Amino acid sequence: MSVATQAPATREELASALAGAAEAGTPVRFRGSGTKRGWPPAAPPDAIELSTAGLARIVEHNEGDLTAVLEAGVPLADAQRAFAEKGQRLALDPPLDGGSTIGGVVASGDTGPLRGRYGGPRDLLVGMHVALSDGTLAKSGGKVIKNVAGYDIAKLFTGAFGTLGAIVEVSVRLHPIAPGDATALGETTDPDVLARAAAAIGGSSLEHHGLDVRWESGRGRVLVRFAGAVPRPQADAAERLLRDEGLSTEIVDDDEGLWDEQRAAQRGPLVVKVSSLPARLPDLIRAAEELGGLVVGRAALGLSWVRLEEPSVAAVERLRRDFIAAVLDRPAGLDVDPIAPMERATRALMDRVKERFDPAGVCV
Numbered sequence: 035m036s037v038a039t040q041a042p043a044t045r046e047e048l049a050s051a052l053a054g055a056a057e058a059g060t061p062v063r064f065r066g067s068g069t070k071r072g073w074p075p076a077a078p079p080d081a082i083e084l085s086t087a088g089l090a091r092i093v094e095h096n097e098g099d100l101t102a103v104l105e106a107g108v109p110l111a112d113a114q115r116a117f118a119e120k121g122q123r124l125a126l127d128p129p130l131d132g133g134s135t136i137g138g139v140v141a142s143g144d145t146g147p148l149r150g151r152y153g154g155p156r157d158l159l160v161g162m163h164v165a166l167s168d169g170t171l172a173k174s175g176g177k178v179i180k181n182v183a184g185y186d187i188a189k190l191f192t193g194a195f196g197t198l199g200a201i202v203e204v205s206v207r208l209h210p211i212a213p214g215d216a217t218a219l220g221e222t223t224d225p226d227v228l229a230r231a232a233a234a235i236g237g238s239s240l241e242h243h244g245l246d247v248r249w250e251s252g253r254g255r256v257l258v259r260f261a262g263a264v265p266r267p268q269a270d271a272a273e274r275l276l277r278d279e280g281l282s283t284e285i286v287d288d289d290e291g292l293w294d295e296q297r298a299a300q301r302g303p304l305v306v307k308v309s310s311l312p313a314r315l316p317d318l319i320r321a322a323e324e325l326g327g328l329v330v331g332r333a334a335l336g337l338s339w340v341r342l343e344e345p346s347v348a349a350v351e352r353l354r355r356d357f358i359a360a361v362l363d364r365p366a367g368l369d370v371d372p373i374a375p376m377e378r379a380t381r382a383l384m385d386r387v388k389e390r391f392d393p394a395g396v397c398v
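Residue numbers for the sequence shown, in the numbering used here: 35 to 398.
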């Protein structure tokens with residue numbers, strides 16, 4: 035059964051529609067461009083969808099302060115083009131399949147290779163406006179970079195998939211676009227060598243703008259990106275370090291394609307996001323090899339995406355046996371809980387936060 039969709043034209047209309055659904059006890063799911071509709075558990079058959087398509091304005095771009103205010107329905111790619119005209123960018127680079135919106139990227143906590151340098155969405159948010167199920171429009175933070183008192187709504191709503199309420203507007207910090215890039219690339223067929231090389235780069239004094247790994251069909255690579263007016267000297271230093279660790283190496287100056295491939299591998303027929311200690315990367319690679327999977331990841335953060343061309347519940351269970359694993363992309367008929375198992379105390383804390391922000395329990 036298809037979910038009925040409404041597209042309010044203003045944040046007030048969205049808040050009113052949400053409050054009406056809460057009063058009627060109707061489950062609500064929020065939608066940006068719909069690129070991640072399959073990530074959360076399936077919505078109840080009687081749910082309605084509230085779209086942010088009508089909230090698509092870049093409200094402010096304060097280029098002198100390196101901040102911007104965006105409504106939730108603004109496609110991230112459109113925002114990046116507008117910022118680029120002033121030599122700036124929002125340092126978020128998730129795969130932009132299907133026109134991902136800023137609200138959807140924040141609500142899902144989606145990230146790309148820049149996360150290792152700049153952090154994720156919650157690290158780049160200055161403030162946020164949200165609509166709650168009682169019809170309230172609430173906010174935290176502002177347009178300048180500072181701490182806020184009380185609940186940090188921006189951090190709570192980032193990655194919550196709309197289960198606490200709707201993100202209607204965000205204030206973000208921006209960064210200048212670097213004039214040049216270069217990537218040091220090292221390859222090996224040994225997972226342990228790959229992990230040691232990535233750890234050596236992470237522990238060095240090199241100021242990289244991305245430290246990623248990739249493993250596919252028995253071969254792996256470490257990618258280290260540098261950006262700035264003169265990125266090549268640091269790339270050369272990284273190449274020497276990778277070579278010292280036993281990898282075959284090269285420098286890639288025209289490197290955007292390498293990083294596009296990294297981002298693209300975070301999507302697929304079945305994608306499982308794995309969190310683990312960086313030192314356990316070889317174990318994850320071997321588990322993925324057993325399953326015929328491809329691995330990409332942020333080496334220093336212990337975050338990896340395992341892409342599987344042949345989806346199965348058994349593959350997810352295999353990864354969950356040894357790792358914290360959440361399912362992202364998956365076929366509609368695959369009967370698996372996308373949410374990673376959690377401890378009872380963690381679940382209890384999440385339930386208390388849910389009750390505080392969505393006492394009606396309709397945001398799903």
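We put the CB at the ideal spot given by N, CA and C, even for glycine.
From a predicted model like this one, the values you see are computed outputs, not experimental measurements.
Quick one: what's got a C-beta closer than 7 Å to residue i's C-beta in the same chain, skipping five residues either side?
i: lysine 388; result: Thr197 and Leu198
i: glycine 280; result: Thr222 and Val227
i: arginine 341; result: Ala299, Gly302, Val305, Gly327 and Leu328
With DSSP collapsed to three states, give me the class of residue i.
i: tryptophan 339; result: strand
i: isoleucine 136; result: helix
i: phenylalanine 117; result: helix
i: phenylalanine 260; result: strand
i: glycine 146; result: coil
i: glutamate 203; result: strand
i: proline 316; result: helix
i: valine 182; result: Its pLDDT being 39, under 50, valine 182 is placed unreliably by the model, and the measurement read from it follows with that caveat. Valine 182 falls in the coil class under three-state DSSP.
i: glycine 154; result: coil
i: arginine 65; result: strand
i: arginine 91; result: coil
i: glutamate 344; result: coil
i: isoleucine 373; result: coil
Would you mind stating whether residue i and residue j have Cβ atoms separated by less than 9 Å?
i: leucine 245; j: serine 167; result: no
i: threonine 44; j: isoleucine 201; result: no
i: valine 258; j: valine 206; result: no
i: alanine 56; j: isoleucine 82; result: no
i: valine 361; j: proline 78; result: no
i: alanine 333; j: valine 256; result: yes
i: proline 265; j: alanine 216; result: yes
i: leucine 15; j: leucine 158; result: Nothing about residue 15 can be read from this structure; the chain reaches only from 35 to 398.
i: alanine 118; j: glutamate 105; result: no
i: alanine 321; j: phenylalanine 357; result: yes
i: valine 103; j: leucine 84; result: no
i: leucine 130; j: histidine 209; result: no
i: threonine 101; j: arginine 156; result: no
i: isoleucine 136; j: alanine 113; result: yes
Here's the rule: buried if 16 or more other CB atoms are within 10 angstroms of the residue's CB, otherwise exposed. What is residue i?
i: serine 142; result: buried
i: glycine 395; result: exposed
i: leucine 311; result: exposed
i: isoleucine 235; result: buried
i: methionine 162; result: buried
i: arginine 65; result: buried
i: aspartate 80; result: exposed
i: glutamate 203; result: buried
i: glycine 150; result: buried
Only counting the same chain, and skipping five residues up and downstream in sequence, which positions put a Cβ closer than 6 Å to that of residue i?
i: glycine 133; result: Ser67 and Pro109
i: valine 182; result: Low local confidence applies: a pLDDT of 39 at valine 182 is under 50, so the model's placement there is unreliable, with the coordinate-based value given in what follows. Ser174 and Gly175.
i: proline 147; result: Gly244, Asp246, Trp293 and Gln296
Tell me which residues share the same chain as residue i and place their Cβ nearer than 8 Å to its Cβ, disregarding the 5 neighbours each side in the sequence.
i: valine 347; result: Leu368, Asp369 and Val370
Next on the checklist: My parser needs the alpha helix (DSSP H) runs of 4 or more residues fully inside the region 242-295; what are they?
Outcome noted: Counting only runs that start and end inside the region 242-295, the alpha helix (DSSP H) elements of at least 4 residues fall at 266-278.
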